[in-house]
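Visitor: Taken in order, these protein sequences are the chains called A and B. The first sequence begins at 1 in the working numbering and counts up by one. The second sequence begins at 1 in the working numbering and counts up by one. This structure is in structure tokens; I'll ask about it shortly.
Number of protein chains: 2
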Amino acid sequence: MLDKQQVRTQQSDEYIIAVGDEPLSEIQKISSLYNSTKAFFFVDSNVLELQSELVESITALYDEPIVYSIPAGESSKSTQQWMEMVTFCLSHNPDRNVPVYAIGGGVTGDLGGFVASTVMRGLPLIHIPTTLLAIVDSSIGGKTGINHPAGKNLVGTFYQPKAVIAPLNALLTLSDEEFLCGFGEILKYGAIADPDILTILSTRDLSELRDNTSLLKSIVQRCIKVKTDIVIRDTKESNLRMILNYGHTFAHAIEKQLGYGKISHGQAVYIGMIAAGILSRELGATIKEELIEQHFNSMMISGIDIAITPEQLVSAMQTDKKRSATGLRFVVLKQYGRPYVEQVDDIELIYKVWAATLTKIKELKLQYA
Amino acid sequence: MLDKQQVRTQQSDEYIIAVGDEPLSEIQKISSLYNSTKAFFFVDSNVLELQSELVESITALYDEPIVYSIPAGESSKSTQQWMEMVTFCLSHNPDRNVPVYAIGGGVTGDLGGFVASTVMRGLPLIHIPTTLLAIVDSSIGGKTGINHPAGKNLVGTFYQPKAVIAPLNALLTLSDEEFLCGFGEILKYGAIADPDILTILSTRDLSELRDNTSLLKSIVQRCIKVKTDIVIRDTKESNLRMILNYGHTFAHAIEKQLGYGKISHGQAVYIGMIAAGILSRELGATIKEELIEQHFNSMMISGIDIAITPEQLVSAMQTDKKRSATGLRFVVLKQYGRPYVEQVDDIELIYKVWAATLTKIKELKLQYA
Chain A
1 MLDKQQVRTQ QSDEYIIAVG DEPLSEIQKI SSLYNSTKAF FFVDSNVLEL QSELVESITA
61 LYDEPIVYSI PAGESSKSTQ QWMEMVTFCL SHNPDRNVPV YAIGGGVTGD LGGFVASTVM
121 RGLPLIHIPT TLLAIVDSSI GGKTGINHPA GKNLVGTFYQ PKAVIAPLNA LLTLSDEEFL
181 CGFGEILKYG AIADPDILTI LSTRDLSELR DNTSLLKSIV QRCIKVKTDI VIRDTKESNL
241 RMILNYGHTF AHAIEKQLGY GKISHGQAVY IGMIAAGILS RELGATIKEE LIEQHFNSMM
301 ISGIDIAITP EQLVSAMQTD KKRSATGLRF VVLKQYGRPY VEQVDDIELI YKVWAATLTK
361 IKELKLQYA
Chain B
1 MLDKQQVRTQ QSDEYIIAVG DEPLSEIQKI SSLYNSTKAF FFVDSNVLEL QSELVESITA
61 LYDEPIVYSI PAGESSKSTQ QWMEMVTFCL SHNPDRNVPV YAIGGGVTGD LGGFVASTVM
121 RGLPLIHIPT TLLAIVDSSI GGKTGINHPA GKNLVGTFYQ PKAVIAPLNA LLTLSDEEFL
181 CGFGEILKYG AIADPDILTI LSTRDLSELR DNTSLLKSIV QRCIKVKTDI VIRDTKESNL
241 RMILNYGHTF AHAIEKQLGY GKISHGQAVY IGMIAAGILS RELGATIKEE LIEQHFNSMM
301 ISGIDIAITP EQLVSAMQTD KKRSATGLRF VVLKQYGRPY VEQVDDIELI YKVWAATLTK
361 IKELKLQYA
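What follows is the structure, encoded as structure tokens:
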């Protein structure tokens, strides 16, 4: 005999995403929610140097700010680094009300979020994203994670922040390359949900948005709206949220084959979208490839050398965590703004898409050189 | 200027807790929810040996069962062991539908749950608790965790299982000591919420419940009801859930001072409750200490030698993760069934309670020897 009880736990996470030039008053408001004189500040080492004023204005909100500098770069998303930060936190005897501020780009947010979610089963987490990519993508949605030899972001949690506060003026200190790589995800939002983004950007050189703050802010807001609309309806990436991975199955293969850090995530996503566009058309879509491809030069501003074969890329896809048990699943488009998920069992098709993508990159290099 | 968007994510986790002699049909039902031919089975090494039939009947539900034996004992709750299991999982190329079955006691559930919650940001988790302690306590409520040099369970997540299925017949293979240590938490439920448990047990020798399955089952169900009622209302241990820590602040200090594994968690909680009872009376409670203390002999069946000073125990409390920033917080009783949380800033009082507890243990040893 088996006696049963049904248990239902409900959890609702509510948070503010604020974008603008004057983040401090909002950060102050958030800090007052936690009755703590201490706070942890996980800060990207470059941000600590280049944006010392921003960092100091935030740490000044606490009597006992505890600053930890995260070595810049993807290689910090390691178990060793995670463990070191966990030990660092615990050495300061925190209680569970001590907030964690993650100040930096995607690496800081992913790693810092994973630390915050696992120390004492979770400290309050506040994201202060300082790169365009982190503002429109990684800081929103509650994904945390580190890398594993088996693949990118294979270790992590779903953990919602208490607030995301994006200081747009921080973008002024980014290098051109860092700034532009954020457009990988921005173009993605255009492709999957808000084609107006593609149209607006089609008449622009992406780098000019840096000085056009009002346009940049409106584009950023559109992106955040797309992402939050999806994330609210699907917190744990069961289904709908998959469309946010448009281009990503391809991108992860590139990142894995080249080695982490050899290509930026934004650039990899951009190339992944070229591939996903080719696959979409193979499956019958009618989409204008120029809307994505015309930004090749901006996205690849630092040059690109992808000395990989289609065979290597196909093989790298076999361990992507978004695949299903039986075949590879891809987000593809019917047209811009109309994504769907397609399982592809025919590995020859994927091979063909990779070959066409590599050829396309060579053409674009010549065309926009 | 700062533009704001409000985001609200909702997450509801629903699961079955089933207790009884014939768990297989329920496990089969759960397994059919996940479209997977593979499953991970994290099994305590003792269980793998002593309950091979149970384990084989469950693994037989899958075409590709992947079994991992967890070395029995608290020392397995380490970051090294966690990392090894994460790598083990990833080496089998799982997709996110591959369920994790944690079959064993508290160590297996805590560690296996932490692995399940962090591999690819979460695989479906099914607890099959095989010790009394795990059935009434650790398998319910979504806590996962491992130990850190700074303290017990300081690294972990909140992660709800998809089901908890408790095979009561598994208890027959436990040693007397393992079986009895489950009563630490059972007596706790009696003390904080369901004093009838204390009354029912007061006329019994605890070890006789092993053969009295119907009484055992009804006691177990009462405990599960207490715990789930609390956990449902407070998933993340913000407030109400703290009362489940009755005796635990004291218990953790003992475990930490003696070294993990030198005393069972149930025994530590039991002694912690003697201390919490003394503190409660110091603060004005009128509770019959015999209802707890009369089980001393059963709980300490293997003997006990606590060669620790009150000073050492007070100092070990300084890093307990349930303390607040300013002082130590304790769950204490007004009377049985009426717990409250009290912050104690007067360290002398805690010293006094520890001294009285150590004296009491000596008396009980003589009285029940």
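By construction, the Cβ of each residue, glycine as well, lies at the ideal position given by its N, Cα and C atoms. Nothing here was measured: the structure is a model prediction, and the numbers come from that model.
If we define contact as Cβ-Cβ less than 8 angstroms, is L154 of chain A a contact residue for chain B?
Guide: It does: the Cβ of L154 of chain A has a partner Cβ on chain B nearer than 8 angstroms.
Visitor: With DSSP as the reference, label N169 of chain A as helix, strand or coil.
Guide: The answer is helix: DSSP assigns N169 of chain A an H, G or I state.
Visitor: Just to confirm the assignment, what range does the beta strand (DSSP E) spanning T9 of chain A have?
Guide: Segment L2 to G20, the beta strand (DSSP E) holding T9 of chain A.
Visitor: With respect to the alpha helix (DSSP H) encompassing G267 of chain A, which residues constitute its N-terminal and C-terminal limits?
Guide: Here residue 267 of chain A is Gln; the residue named in the question, Gly, does not match the sequence. Per DSSP, Q267 of chain A belongs to the alpha helix (DSSP H) from H265 to E282.
Visitor: From the DSSP output, in three-state form, read off A39 of chain A for me.
Guide: Of the three classes helix, strand and coil, the one that applies to A39 of chain A here is strand, per DSSP.
Visitor: Which chain A residues are close to F158 of chain B, counting only those with a beta carbon under 8 angstroms from its beta carbon?
Guide: Ordered by position in chain A, the residues that pass the 8 angstroms Cβ test against F158 of chain B are R121 and G122.
Visitor: Might you give, ordered along the chain, the residues of its own chain that have their beta carbon closer than 6 angstroms to the beta carbon of D345 of chain B, omitting 5 neighbours on each side?
Guide: Excluding residues within five positions, the ones whose Cβ falls inside 6 angstroms are G327.
Visitor: From the beta carbon of S219 of chain B, is the nearest beta carbon of chain A less than 8 angstroms away?
Guide: The sequence shown places Ile at residue 219 of chain B, not Ser. No, because no Cβ of chain A sits closer than 8 angstroms to the Cβ of I219 of chain B.
Visitor: Which one of A:F296, A:N297 and A:G272 has the shortest CA to CA distance from A355 of chain A?
Guide: Taking only the C-alpha atoms, the option nearest A355 of chain A is A:G272.
Visitor: Just the chain B side, please: which residues come within less than 8 angstroms of P23 of chain A by C-beta, in chain order?
Guide: Under the 8 angstroms cutoff, chain B gives L2.
Visitor: So is G20 of chain B in contact with chain A if we call contact Cβ pairs under 8 angstroms?
Guide: By this cut-off, G20 of chain B is an interface position.
Visitor: Using a Cβ distance threshold of 8 angstroms, determine whether the segment 61–79 of chain B contacts the segment 38–53 of chain B, with at least three qualifying pairs required.
Guide: Enough Cβ pairs lie closer than 8 angstroms, so yes.
Visitor: Can you tell me which residues form a DSSP beta bridge with D44 of chain A?
Guide: DSSP output for D44 of chain A lists A:I70 as bridge partner(s).
Visitor: Given this structure, state the Cα-to-Cα distance separating L2 of chain A from G20 of chain B, to the nearest angstrom.
Guide: Going by the C-alpha atoms only, they are around 4 angstroms apart.
Visitor: Candidates B:V67, B:T130 and B:K217: which alpha carbon is nearest V100 of chain B's?
Guide: Per the Cα distances, B:V67.
Visitor: According to the neighbour-count rule (16 or more other Cβ atoms, all chains shown, within 10 Å of its Cβ), is R323 of chain B buried or exposed?
Guide: Annotation note: pLDDT 48 at R323 of chain B (below 50); position unreliable, no value reported.
Visitor: If we cut at 8 angstroms on Cβ distances, does E14 of chain A have a partner in chain B?
Guide: It does; some Cβ of chain B falls within 8 angstroms.
Visitor: Tell me whether R96 of chain A, by its Cβ, gets closer than 7 angstroms to a heavy atom of the ligand GTP.
Guide: Absent from the structure shown: the ligand GTP. Ligands present: none.
Visitor: Measure the alpha-carbon distance for A18 of chain B versus A102 of chain B and round it to whole angstroms.
Guide: Roughly 15 angstroms separates the two Cα atoms.
Visitor: Starting from Y189 of chain B and walking both ways along the alpha helix (DSSP H), at which residues does that stretch end?
Guide: Counting along the chain, the alpha helix (DSSP H) containing Y189 of chain B begins and ends at F183 to I192.
Visitor: Taking only the alpha-carbon atoms, compute the straight-line gap between I361 of chain A and N212 of chain A and give it to the nearest angstrom.
Guide: Near 29 angstroms, if we compare the C-alpha coordinates of N212 of chain A and I361 of chain A.
Visitor: Could you tell me which chain B residues have their CB closer than 8 angstroms to the CB of E177 of chain A, listed as they occur along the chain?
Guide: By Cβ distance, chain B contributes nothing, its closest Cβ being about 27 angstroms from E177 of chain A, past 8 angstroms.
Visitor: For the segment 70–86 of chain B, enumerate the residues whose C-beta is nearer than 8 angstroms to any C-beta of chain A, in chain order.
Guide: From the segment 70–86 of chain B, only T79, M83 and V86 have a Cβ closer than 8 angstroms to chain A.
Visitor: Mind listing the chain B neighbours of V117 of chain A? Cutoff is C-beta to C-beta under 7 angstroms, in chain order.
Guide: In the sequence under discussion, the amino acid at residue 117 of chain A is Ser, which differs from the Val named in the question. Those are T157, listed as they occur along chain B.
Visitor: So is T131 of chain A in contact with chain B if we call contact Cβ pairs under 8 angstroms?
Guide: No, its Cβ sits nowhere closer than 8 angstroms to a Cβ of chain B.
Visitor: Could you please give me the residues that DSSP links to P339 of chain A through a beta bridge?
Guide: Paired residue(s): A:L333.
Visitor: Would you report the Cα separation of K288 of chain B and S175 of chain B, rounded to the nearest angstrom?
Guide: Between K288 of chain B and S175 of chain B, the C-alpha separation is close to 30 angstroms.
Visitor: As a quick exercise: from A:E178, A:P23, A:H92 and A:G151, pick the residue whose alpha carbon is nearest that of I58 of chain A.
Guide: Taking only the C-alpha atoms, the option nearest I58 of chain A is A:P23.
Visitor: Rounded to whole angstroms, how far is the Cβ of K227 of chain A from the Cβ of D95 of chain A, which I believe are closer than 8 angstroms?
Guide: Going by Cβ atoms, the distance from K227 of chain A to D95 of chain A rounds to 32 angstroms, so no, they are not a contact pair.
Visitor: Could you tell me which residues DSSP pairs with A163 of chain B in its beta bridges?
Guide: A163 of chain B is bridged to B:I16 and B:I126.
Visitor: Assign K29 of chain A to one of two classes, buried (16 or more other C-beta atoms within 10 Å of its C-beta) or exposed (fewer than that).
Guide: Counting Cβ neighbours within 10 Å, K29 of chain A comes out exposed, since fewer than 16 surround it.
Visitor: For G109 of chain A, name the three-state secondary structure that DSSP assigns.
Guide: Residue state, collapsed to three classes: helix.
Visitor: How about R121 of chain A and G156 of chain B: are their beta carbons less than 8 angstroms apart?
Guide: Yes, these two residues count as a Cβ contact at 8 angstroms.
Visitor: Determine, for T228 of chain B, whether the minimum Cβ-Cβ distance to residues of chain A falls below 8 angstroms.
Guide: Interface residue, yes.
Visitor: Which residue or residues does DSSP assign as beta-bridge partners of F158 of chain B?
Guide: According to DSSP, which records beta bridges pairwise, F158 of chain B is partnered with B:K143.
Visitor: Tell me which residues share the same chain as M300 of chain A and place their Cβ nearer than 7 angstroms to its Cβ, disregarding the 5 neighbours each side in the sequence.
Guide: Counting only Cβ-Cβ distances below 7 angstroms, and skipping sequence neighbours, we find Q267.
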